[in-house]
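Below: the structure, in structure tokens.
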Amino acid sequence: MINLELGPNGRSAGTLSWAGLYNSYYWIDPARRVAGLIMTQILPFADRRAVDLYGRFERGVHGLLD
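Residue numbering for the sequence shown follows our numbering, beginning at 16 and increasing consecutively.
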């Protein structure tokens, strides 16, 4: 997936991301020269706790870059 707009967790426009069935996620932000990966084995897909963890992780990484 390509994010065409700024993301709520600090992503730049043009960031690439992916989500897997067992709540594994990654993003690649070429503008900020950073990538992140979080892998779980949790079902169902888009489990609220897993998505929250991913958001906190991404905000934390981008917060360190600011």
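By construction, the Cβ of each residue, glycine as well, lies at the ideal position given by its N, Cα and C atoms.
Query: For Gly51, the three-state DSSP class (helix, strand or coil); Result: strand
Query: Collapsed DSSP secondary structure at Tyr37 in the structure displayed; Result: coil
Query: Opposing strand residues paired with Asn18 [DSSP bridges]; Result: Thr30
Query: Contact check, Asn18 vs Arg26, beta carbons under 7 Å; Result: yes
Query: Residue closest to Gly70, alpha-carbon to alpha-carbon, out of Ile53, Leu79, Leu80; Result: Ile53
Query: Pro59 versus Leu36 - alpha carbon distance; Result: 8 Å
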